[in-house]
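I have placed the structure first, in the form of structure tokens, so that the comments after it can refer back to it.
Number of protein chains: 2
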Amino acid sequence: MGTLRETVHEMKLAAPALAAVSADDRNRALSAMAKALADNRERIFAANAEDMKAAESSGLKEALIKRLKFDDSKLMACTEGLKQLSELPDPIGHVTLERELDDGLVLKRVTTPIGVIGVIFEARPDALVQISGLCMKSGNCAILKGGKEAENTNGVLFEILRTAVSEVAAIPDNVMIRVSSHSEIDEILKLDGDVDLIIPRGSNAFVKHIMDNTAIPVMGHADGICHIYVDASADTEMAKSIAVDAKIQYPAACNAAETVLVNESIASSFLPELVSALHDANVKVRGDKKAAGYAGLDEVFEDPGEYRREYGELTLAVAVVSGVKEACEHINRYGSHHTDSIITADDKAAQYFFSMVDSAGVYRNCSTRFSDGFRYGFGAEVGISTGKLHARGPVGLEGLTSYKYILEGSGQCVKEYAEGTRSFNFRDRL
Amino acid sequence: MGTLRETVHEMKLAAPALAAVSADDRNRALSAMAKALADNRERIFAANAEDMKAAESSGLKEALIKRLKFDDSKLMACTEGLKQLSELPDPIGHVTLERELDDGLVLKRVTTPIGVIGVIFEARPDALVQISGLCMKSGNCAILKGGKEAENTNGVLFEILRTAVSEVAAIPDNVMIRVSSHSEIDEILKLDGDVDLIIPRGSNAFVKHIMDNTAIPVMGHADGICHIYVDASADTEMAKSIAVDAKIQYPAACNAAETVLVNESIASSFLPELVSALHDANVKVRGDKKAAGYAGLDEVFEDPGEYRREYGELTLAVAVVSGVKEACEHINRYGSHHTDSIITADDKAAQYFFSMVDSAGVYRNCSTRFSDGFRYGFGAEVGISTGKLHARGPVGLEGLTSYKYILEGSGQCVKEYAEGTRSFNFRDRL
């Protein structure tokens, strides 16, 4: 095996070979992965039972234990997900630009895998399967590090997947490895010549720690401070049900709403209704003095910086704004550029909101919880990016690709073009 | 004005307003910029004369003085470039995905500007004009920092451009600023909440220094170690002229060749010819012992790590490889993933090279010097990216855009989909 550094370096050298594997062979590997998981059901469940036992005796939180559990329904979701991936169009080898620069000098831009991707994920064993599948479909080598609570399950899942992949002769060796200790992550963060991208999933502090400690590009989202803005012309019943859904349907998710902004002109009637609907759903409601002037809140704060909080639980902030302009300003100032929704019947207000809110997702008349790779039809996601470079929003197969420029000539040198004896004659062919 | 931090923060808040400016108004600003430059010809030349005088008395290198000079031909190139930019299609507002997720729930992905971009460039005053133009066309706010040698010229150019832009009423204030000291760069590197992207142009050490000192994403290329591989079936006359062009046409450019690899089967006849052609062009030729066995070299080295050198001058390394496979391995190992060219009549060898060489540009039968935004028909470039994320290769308007997801619904909540009472029904409309 050699050291981790050597193993990753071999992976880097194998990456172009994986990039050259045909879509059929990559799809064959995905099918083999799905079949192997189903065939090894009992072995996976036994390993998961060990992790569950350890988690329960160490007093792990209920929500985490739920994520850790790998049962028949999760197994089914995993095999189904791999099958869906195998049926999606190939994300690599697409010609996205084809231009004749001059006679006999043709430029093409072709999508390629990124290369070697390190993904650090939380204690959900199904994440290991999803990420392995996304990387295989997109022709990327994967370094996988899962949460330590799922150590046994991940170990078994990884061995099953790796063995399945090795049955497809065209796939090079060494295209997926698993690491399990924190010291190994620290080592990987130093391999900026060999690792092309790190995708950390986890707490804000964890993502920031990764970013501060590596020269490798990092794709991740820090916060999920999402807003619902209820405009003057909103259907208030719709606004209430969307606000409740966006808060309670899965409060720990990054696309859950943290703040509802209400247009001043409807605040005196709507805000008390909203607070009452939230209370019925066991949501604690906070806000500044201005908001408290319209409805009874559970907590009133003075510092507007409180609007920058991500609750991740059944707590929500409310604020009253003068209109869509102030709503956009509030969102750009206190939000995290993730996903924000306007509830309105007014097309002009919606257009203004779409253009002025600087977020990965700008929605109208629906819940912020739709911001998710599966719900966007991407098959699955490796994460949600709040950065604006490379990939923004849910990151599926397309976000795992790069491209290269292929230029085919017939002996052309730059000299003649620089001296003006020949000139370019751009003709797009796509 | 306030402090730099405040100015940049205001710029960040103005960024969505610039993003919302129509293409017509942005093109109007570009035309105003071109006209203002032509109208202020004498003022620009006077400022440049001061910079030239200071440069000459301080003993600046000939090559740098040539770059610093801003004369009629450079002015013409600048105004022509701005005019071309104004005629290019709008890079923002493109719908690149349109998908009905379910009845009445429609997802669109629309291209947007990135936001606030800081560009640090060398002592070419025309770079200030090009970058300002690219940022205006793509709706991005620009923080510009040019080389100190061009201080007077840049100051005058910037004032002219800013005044011209301010004549277009629709463009918000504060969308371009110029900074001139190193301490201001250090301050900007700390503004990771307000600056979306830094593009440094300059030496490897400088780019690395920027990357090590900011949490803002950095897009830049480090090295330019480009290769020519002369395959067994190459037209040797073509190979010689391309190798000479790629080395001597502009040796300081990052897309100039540093190493020529020669197939063993033709090395005994071709390598002496090549060395002779390079000598005729005043190029010093180095290589390892194996290469020296085929032709008289000016210098022989033992350490293969010498193949990782970027000369930037009339020096070139040669090596002998067993075939296209070893050529690709050499390039991936010692190159910088910039641009590499195979000279061959063999389609299979070319396909292998295109797929296995992990570089932004993979060429066949032409010079590596074509790797350039203007030559690709991008109008201009802000730089060349050897990273694989976001933009790879020459970065023009498209590389200065991001996107957002717009989702329009009619009251949809996630609850029903999560509970299975409704399901997605993805239908692509593009």
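Line by line, the protein sequences give chains A and B. For the first sequence, position 36 (counting from the first letter as 1) is numbered 21 according to this note's numbering, and the numbering increases by one without interruption. For the second sequence, position 224 (counting from the first letter as 1) is numbered 209 according to this note's numbering, and the numbering increases by one without interruption. Even glycine gets a Cβ: it sits at the ideal position worked out from N, Cα and C.
Compare the beta carbon distance of residue i and residue j with 8 Å and say whether it is the shorter of the two.
| i | j | result |
| --- | --- | --- |
| residue 244 of chain B | residue 302 of chain B | yes |
| residue 205 of chain B | residue 368 of chain B | yes |
| residue 436 of chain A | residue 283 of chain A | For residue 436 of chain A there is no data in the structure shown, the boundaries of chain A being -14 and 415. |
| residue 185 of chain A | residue 105 of chain A | yes |
| residue 122 of chain A | residue 15 of chain A | yes |
| residue 101 of chain B | residue 128 of chain B | yes |
| residue 246 of chain A | residue 194 of chain A | no |
| residue 232 of chain B | residue 259 of chain B | no |
| residue 59 of chain A | residue 10 of chain A | no |
| residue 309 of chain A | residue 338 of chain A | yes |
| residue 305 of chain B | residue 274 of chain B | no |
| residue 373 of chain A | residue 181 of chain B | yes |
| residue 39 of chain A | residue 340 of chain B | no |
| residue 196 of chain A | residue 200 of chain B | yes |
| residue 164 of chain A | residue -11 of chain A | yes |
| residue 53 of chain A | residue 390 of chain A | no |
| residue 84 of chain B | residue 394 of chain A | no |
Taking only beta-carbon positions, decide if residue i is within less than 8 Å of chain B.
| i | result |
| --- | --- |
| residue 411 of chain A | yes |
| residue 184 of chain A | no |
| residue 198 of chain A | no |
| residue 408 of chain A | no |
| residue 0 of chain A | yes |
| residue 202 of chain A | yes |
| residue 9 of chain A | no |
| residue 345 of chain A | yes |
| residue 164 of chain A | no |
| residue 79 of chain A | no |
| residue -5 of chain A | no |
| residue 153 of chain A | no |
| residue 351 of chain A | yes |
| residue 121 of chain A | no |
| residue 52 of chain A | no |
| residue 296 of chain A | no |
| residue 5 of chain A | yes |
| residue 227 of chain A | yes |
Please look up how many angstroms separate the CB atoms of residue i and residue j, rounded, as I've assumed it's under 8 Å.
| i | j | result |
| --- | --- | --- |
| residue 124 of chain B | residue 107 of chain B | Their Cβ separation, rounded to whole angstroms, is 25 Å, which puts residue 124 of chain B and residue 107 of chain B out of contact at 8 Å. |
| residue 90 of chain A | residue 397 of chain A | 5 Å |
| residue -4 of chain B | residue 150 of chain B | Rounded, the Cβ-Cβ distance is 13 Å, inconsistent with contact. |
| residue 409 of chain A | residue 87 of chain A | 6 Å |
Kindly say whether residue i, judged by its beta-carbon, lies nearer than 8 Å to any beta-carbon of chain A.
| i | result |
| --- | --- |
| residue 208 of chain B | no |
| residue 354 of chain B | yes |
| residue 389 of chain B | yes |
| residue 364 of chain B | no |
| residue 316 of chain B | no |
| residue 414 of chain B | no |
| residue 375 of chain B | yes |
| residue 71 of chain B | no |
| residue 143 of chain B | no |
| residue 47 of chain B | no |
| residue 395 of chain B | yes |
| residue 290 of chain B | no |
| residue 214 of chain B | no |
| residue 234 of chain B | yes |
| residue 378 of chain B | yes |
Task: Every unbroken alpha helix (DSSP H) within the segment 31 to 97 of chain B, with a cutoff of 4 residues, ordered by chain - done: Secondary structure within the segment 31 to 97 of chain B: the alpha helix (DSSP H) runs of 4 or more consecutive residues, fully enclosed, are 47 to 53 and 57 to 72 (chain order).
- [ ] Kindly provide the ranges of any beta strand (DSSP E) runs that are 3 or more residues long and lie completely inside the segment 250 to 285 of chain A, ordered along the chain.
- [x] Taken in chain order, the whole beta strand (DSSP E) runs of length 3 or more contained in the segment 250 to 285 of chain A are 269 to 273.
TODO: Evaluate the contact criterion for the segment 333 to 353 of chain B versus the segment 312 to 323 of chain B: three or more CB pairs, one atom per stretch, below 8 Å.
DONE: They touch, by the three-pair rule.
Open item on the list: Ignoring anything shorter than 4 residues, give me the alpha helix (DSSP H) runs that lie fully in the segment 148 to 194 of chain A, in order along the chain.
Closed with: Runs found: 167 to 174.
Open item on the list: Under 8 Å: do the segment 209 to 217 of chain A and the segment 27 to 40 of chain A share three or more Cβ pairs, one atom per stretch?
Closed with: Result no; under three Cβ-Cβ pairs closer than 8 Å.
TODO: Taking only runs that begin and end inside the segment 109 to 141 of chain B, name each unbroken alpha helix (DSSP H) of 4 or more residues, in chain order.
DONE: Segments of the alpha helix (DSSP H) lying fully in the segment 109 to 141 of chain B: 110 to 122.
Open item on the list: Report the start-end ranges of each beta strand (DSSP E) in the segment 196 to 224 of chain A that is 3 residues or longer and not cut off at the edges.
Closed with: Within the segment 196 to 224 of chain A, the complete beta strand (DSSP E) runs of at least 3 residues are 211 to 215.
Open item on the list: Using a Cβ distance threshold of 8 Å, determine whether the segment 377 to 392 of chain B contacts the segment 355 to 362 of chain B, with at least three qualifying pairs required.
Closed with: As far as the Cβ criterion goes, the segment 377 to 392 of chain B touches the segment 355 to 362 of chain B, which means the pair count is three or higher.
Task: Secondary structure, alpha helix (DSSP H): runs of 4+ residues fully inside the segment 326 to 389 of chain A - done: Fully enclosed alpha helix (DSSP H) runs of 4 or longer: 332 to 341.
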